[in-house]
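Report on one structure; see the data block that follows.
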Amino acid sequence: MILTHNLSDSIRFWTKSVYGKSVYDGKVETKHAYLNILTRGDLSSLVWMDSELKYFTEPADSILCQVYYAPLNFRDVMLASGKLPANALPGDLALQDCILGLEFSGRLENGQRVMGLVPAKGLATTVAADPKFMWEVPDDWSLEEASTVPVAYSTAYYALIMRGHLRKGERVLIHSGSGGVGQAAIAIALSLGCEVFTTVGSSEKREFLKKRFNQLQDRNFCNSRDTSFEQFILNATNGEGVDVILNSLAEEKLKATLNCLAQHGRFLEIGKYDLSNNTPLGMAIFLKNTLFHGIILDTLFEYKSYSSQAKKEVVQLVRDGIANGTVKPLNSILFDRDQAEQAFRFMANGKHIVSCGRGNAGQSNYGYANSVMERICEERSKEGLPGLAIQWGAISDVGVIEVAVGSDVVIGDTIPQRINSCLTVLEKFLQQYQPIVSSIVPYQQSDTISQKTSNRNILSTIGKIFGIKDMSGINPEKSLGEIGMDSLMAVEVKQFFEQDFDLLIEITDLRQLKVKDLKKLEGDGKEKNASTTPESETKPISDSTSKSHAKAAEKISVYFSSLPSKELVPAKTIIQMNSVKTGIPLFIVHPIEGTVAMLNSLAQLINLPVYGIQCTPEAPSESIEQLAAWYWKLIKTLNISNTICLSGYSFGGTVAFEMCLQTELDPEQHVKVRNLIMLDGSPALMTAYTRMHKLYFMSDSDVEDEAQALCSYVMQFLDINLMEVTVRYGSAVTVIASDSTVCVDNLYKSNSFPAYL
174 MILTHNLSDS IRFWTKSVYG KSVYDGKVET KHAYLNILTR GDLSSLVWMD
224 SELKYFTEPA DSILCQVYYA PLNFRDVMLA SGKLPANALP GDLALQDCIL
274 GLEFSGRLEN GQRVMGLVPA KGLATTVAAD PKFMWEVPDD WSLEEASTVP
324 VAYSTAYYAL IMRGHLRKGE RVLIHSGSGG VGQAAIAIAL SLGCEVFTTV
374 GSSEKREFLK KRFNQLQDRN FCNSRDTSFE QFILNATNGE GVDVILNSLA
424 EEKLKATLNC LAQHGRFLEI GKYDLSNNTP LGMAIFLKNT LFHGIILDTL
474 FEYKSYSSQA KKEVVQLVRD GIANGTVKPL NSILFDRDQA EQAFRFMANG
524 KHIVSCGRGN AGQSNYGYAN SVMERICEER SKEGLPGLAI QWGAISDVGV
574 IEVAVGSDVV IGDTIPQRIN SCLTVLEKFL QQYQPIVSSI VPYQQSDTIS
624 QKTSNRNILS TIGKIFGIKD MSGINPEKSL GEIGMDSLMA VEVKQFFEQD
674 FDLLIEITDL RQLKVKDLKK LEGDGKEKNA STTPESETKP ISDSTSKSHA
724 KAAEKISVYF SSLPSKELVP AKTIIQMNSV KTGIPLFIVH PIEGTVAMLN
774 SLAQLINLPV YGIQCTPEAP SESIEQLAAW YWKLIKTLNI SNTICLSGYS
824 FGGTVAFEMC LQTELDPEQH VKVRNLIMLD GSPALMTAYT RMHKLYFMSD
874 SDVEDEAQAL CSYVMQFLDI NLMEVTVRYG SAVTVIASDS TVCVDNLYKS
924 NSFPAYL
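Just so you know, we're using this note's numbering here: the sequence shown kicks off at 174 and counts up by one.
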């Protein structure tokens with residue numbers, strides 16, 4: 174069974190003019206499938222998908238091949254984990270729905286055994302391959318052995334021979350020598366009589382290479398885990414360096430590698446991480462008359478004269494290498510097709526050696542036009558002609574729904590469907606034969622944040638990423654960095670918190686996160702889910718529940734914004750932040766994270782008693798007004814002073830402002846606020862709102878702009894719809910001119926306005 178997409182879409186269809194209904198479970202039986210990742214960064218979303226090759230008609234430049242073995246390359250791991258962006262790939266590869274898989278081995282329809290390269294979708298049951306980029310498998314090789322050859326040796330030959338012009342007797346440094354490309358490069362360099370230096374990450378890998386290549390001794394090896402190889406290479410070459418470097422290391426190791434390059438040397442970069450991140454090199458390296466080459470094997474798939482000629486040369490070099498014995502199969506570890514996620518994690522750990530829309534209710538003309546279009550599609554289908562009408566439900570990301578109510582609204586027990594989801598469904602619709610179909614996403618309570626957290630256990634999910642079966646046995650004081658979180662794991666953990674908790678966490682903060690913090694977060698999540706009532710499980714999303722979900726996410730974010738502090742969740746609402754005893758006390762209201770830990774250094778510089786107001790679990794979260802009143806209640810219990818200064822940091826500015834308003838409404842029940850200080854009042858957010866307001870409401874007339882501002886002010890106190898009134902009168906100026914007396918009278922009659930006078 175092959176998954177075609179992961180949506181809970183209800184598909185309605187017509188067959189011979191008889192209406193029916195079926196719930197599509199997303200799975201089909203097919204002989205043509207490919208492995209793809211639905212969410213980059215989440216390896217658990219790897220699925221087999223239905224391939225369009227079942228409609229394959231053999232063109233002149235490709236041939237259908239049955240895949241027996243589909244190797245996994247490190248590029249696939251980088252792309253799937255999200256560490257390498259798709260736009261780092263050349264040409265239009267980034268625009269394809271699947272970019273995983275580069276090589277294969279299998280049989281043609283005539284039974285011939287072949288191995289070859291493809292630009293993408295190589296992790297598949299069948300591929301459409303370029304016959305010019307394939308090799309016949311030698312009789313003494315198995316198909317499993319043959320599958321290890323194409324990418325490794327093509328990359329090595331293309332880099333060392335075609336771009337690096339490696340010559341006999343030169344010195345060459347090959348990083349990560351135990352990898353596939355590393356072994357291929359060592360074999361090629363030794364066949365030319367070159368002096369080879371290589372880096373490995375363990376003694377086991379060193380012994381493996383010494384056994385595979387008898388010419389290598391201990392003096393040919395250095396460490397790839399740090400930058401010590403730089404001094405090792407310079408000592409071994411009497412300070413001269415090496416003539417050619419095949420590099421796959423990144424960041425500080427890249428810079429250390431550059432220092433190993435000799436005069437007139439050639440630097441061959443096969444790693445894509447620094448290339449895609451635009452890591453600076455410094456021009457001084459070129460004073461040695463050196464060359465720097467970015468080795469992108471994918472460019473050989475482009476339809477250009479250079480790529481075509483280079484492809485022929487690479488194919489011939491590999492063919493010659495097979496003939497003279499330089500090219501030999503590499504070691505491999507087999508995974509079953511149902512073990513895709515395990516294979517990706519194993520690799521990451523480095524342990525391997527025409528349509529119409531459906532109208533909304535009340536839009537008769539719109540719906541009638543769609544109905545006519547559907548009848549046309551039905552007639553075309555009966556006559557054997559192509560025709561497809563798709564009844565889309567609400568669509569998010571664009572249009573009036575996105576602008577007016579956002580993506581969380583429930584319409585007719587359905588939620589808006591994302592654009593990328595629509596495109597995925599469209600591909601499925603184009604492969605079936607029903608003339609009329611429908612795509613909607615039914616509302617399910619599992620779409621809420623609390624349900625997500627209950628479905629995915631935090632400790633077990635993190636343990637799965639780390640390859641640890643039982644996280645409960647880990648020392649709770651250990652941080653994720655101490656357990657062994659590498660950069661690829663960090664990306665996946667980061668993705669997990671973004672998807673399940675809507676949190677953006679920096680990698681440095683993730684490394685500091687301790688096991689006990691995960692346990693505490695998981696316990697709070699279970700307590701939150703246990704408090705959910707049966708009514709809340711079946712009640713559709715409304716404005717109030719959407720706000721509660723947002724508040725839940727805000728509470729979770731407390732765990733990460735103050736990692737250096739002793740507590741992730743504040744235990745006390747009001748804390749003293751400095752040791753000053755005299756002067757008018759200053760109270761600082763917390764930002765959206767709920768803690769004032771990030772303001773401790775600021776408090777030490779203030780020559781007044783400074784108190785921080787924090788959001789503890791018992792704080793009311795229904796409204797700003799209730800939160801402000803609750804803070805006033807706690808301040809009065811301190812009985813510190815009859816006059817205070819009040820400050821709010823970011824989100825806290827809104828709460829502090831509301832506290833001042835409550836003081837003015839009832840001064841006898843509150844202490845006097847001498848000064849209100851707003852710190853970082855979200856200028857970026859206000860700029861965005863201002864830009865949006867200008868885009869939709871502002872005109873070219875200053876008078877009209879002033880009238881709009883007055884109308885907006887009136888809307889604070891009267892229950893009117895500015896848009897409807899403006900449309901009725903033609904402009905805001907007309908509204909003010911015609912109804913100014915009525916507006917003033919209504920303002921004085923309202924309950925809220927006199928309090929502001």
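Idealized CB from N, CA, C, for every residue including glycine.
Taken through DSSP and simplified to helix, strand or coil, Pro-615 comes out as strand.
The Cβ atoms of Val-417 and Cys-433 do not sit closer than 8 Å to each other. When the five nearest sequence neighbours on each side are left out, the beta carbons in the same chain lying within less than 6 Å of the beta carbon of Thr-789 are those of Pro-743 and Thr-746, in order along the chain. Under the three-state reduction of DSSP, Glu-202 is assigned to coil, being neither helix nor strand.
Ile-609 carries a strand assignment under DSSP once its states are collapsed to helix, strand and coil.
Non-local beta-carbon contacts of Pro-292 in its own chain, meaning distances under 7 Å to residues more than five positions away in sequence, involve Leu-266, Asp-471 and Phe-474 in chain order. Around the CB of Lys-555, fewer than 16 other CB atoms lie within 10 Å, so the residue is classed as exposed. As DSSP reads the structure, Thr-472 sits in no beta bridge.
Per the coordinates, the alpha-carbon of Lys-383 lies some 20 Å from the alpha-carbon of Ala-329.
Leu-759 is positioned such that its CB atom lies no closer than 8 Å to that of Tyr-822.
The secondary-structure analysis by DSSP pairs Gln-749 across a beta bridge with Tyr-784. Judged by DSSP in its simplified three-state form, Trp-308 adopts strand. By the Cβ-count criterion, Val-488 is buried, with 16 or more other Cβ atoms from all chains shown falling within 10 Å of its own Cβ.
Taking C-alpha positions only, Phe-381 is separated from Arg-336 by approximately 28 Å. In the three-state reduction of the DSSP assignment, Asn-848 falls in the strand class. If you draw a 10 Å sphere on the C-beta of Asp-659, you find fewer than 16 other C-beta atoms in it, and that means exposed. Three or more beta-carbon pairs separated by less than 8 Å are not found between the segment 249-263 and the segment 221-228, which leaves the two stretches without contact.
Approximately 6 Å separates the beta-carbon atoms of Leu-503 and Gln-356; this is inside 8 Å, confirming the contact. Burial check for Tyr-606: the Cβ neighbour count within 10 Å stays below 16, so the residue is exposed.
In the structure shown, the three-state DSSP call for Trp-314 is coil. In the DSSP annotation of this structure, the continuous segment of the beta strand (DSSP E) that includes Glu-276 starts and ends at 276-281.
In this model, Lys-809 and Lys-667 are separated by some 42 Å (Cα to Cα). Annotation: Gly-284 to Asn-393 spans about 44 Å, alpha carbon to alpha carbon.
For His-348, the number of other beta carbons within 10 angstroms of its own is at least 16, and it is reported as buried. It is roughly 21 Å from the alpha-carbon of Leu-211 to the alpha-carbon of Glu-276.
For Ser-544 and Gly-566, the gap between their C-alpha atoms comes out near 15 Å. The three-state secondary structure of Lys-651, taken from DSSP, is coil. For the pair Ala-302 and Ser-235, the CB atoms are nearer than the 8 Å cut-off.
Within the same chain, Ile-747 come within 7 Å of Leu-811 by CB-CB distance, once the 5 residues on both sides are set aside. Under DSSP, Tyr-242 forms a beta bridge with Ser-278.
Runs of the beta strand (DSSP E) spanning 3 or more residues and lying entirely within the segment 454-509 occur at 464-467, in chain order. The continuous beta strand (DSSP E) containing Ala-302 extends over residues 299-302. Rounded to the nearest angstrom, the gap between the Cα atoms of Phe-465 and Thr-371 is 19 Å. Per the coordinates, the alpha-carbon of Glu-424 lies some 7 Å from the alpha-carbon of Asp-447.
Looking at the backbone, the Cα of His-763 and that of Phe-824 are separated by about 7 Å.
Val-598 sits in a helix when the DSSP states are folded into three classes.
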